[in-house]
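So the structure is just underneath, and the comments pick up after that.
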Amino acid sequence: MLTDENHSGSGFLLGRRLLMPVNPELLEILVCPACKTSPVVPVNEGAGLKCQACGRVYPVKDDIPVMLIDEATIEGQPSRS
Ligand SMILES: [Zn+2]
């Protein structure tokens, strides 16, 4: 496991680097583990991957998609305002 998160001191603004889009080739093979066949699409500027079918959003940590149902959050639920 490589990590460069601790490289920059608090005096720099480099700690928060731009989020890179997930590799398109990787996206093609990623499917929602809950739906099995549904492709996922990047959301939140690449910070998450959303299943179009069930609305689960899987987190992307260090550019690594975490395709675990337990890690997913569900978006798109109707707001009750
Ligand atoms: Zn799904």
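Here the sequence shown stands for residues -15 to 65, numbered as in our numbering. Positions of the beta carbon are idealized from the N, C-alpha and C atoms, including for glycine. Computed from a predicted structure; not experimentally measured.
| Asked | Found |
| --- | --- |
| Less than 7 Å separating the Cβ of A37 from some heavy atom of ligand 1? | yes |
| Pull up the distance between the alpha-carbon of D46 and that of A31, whole angstroms please. | 9 Å |
| Does the distance between the C-beta of A18 and the nearest non-hydrogen atom of ligand 1 fall short of 7 Å? | yes |
| Leaving out five residues on either side along the sequence, give the residues of the same chain with a beta carbon under 8 Å from the beta carbon of E55. | Y42 and P43 |
| Are any of the Cβ atoms in chain D nearer than 8 Å to that of G39? | Within the model displayed, chain D is absent; a lone protein chain is all it includes. |
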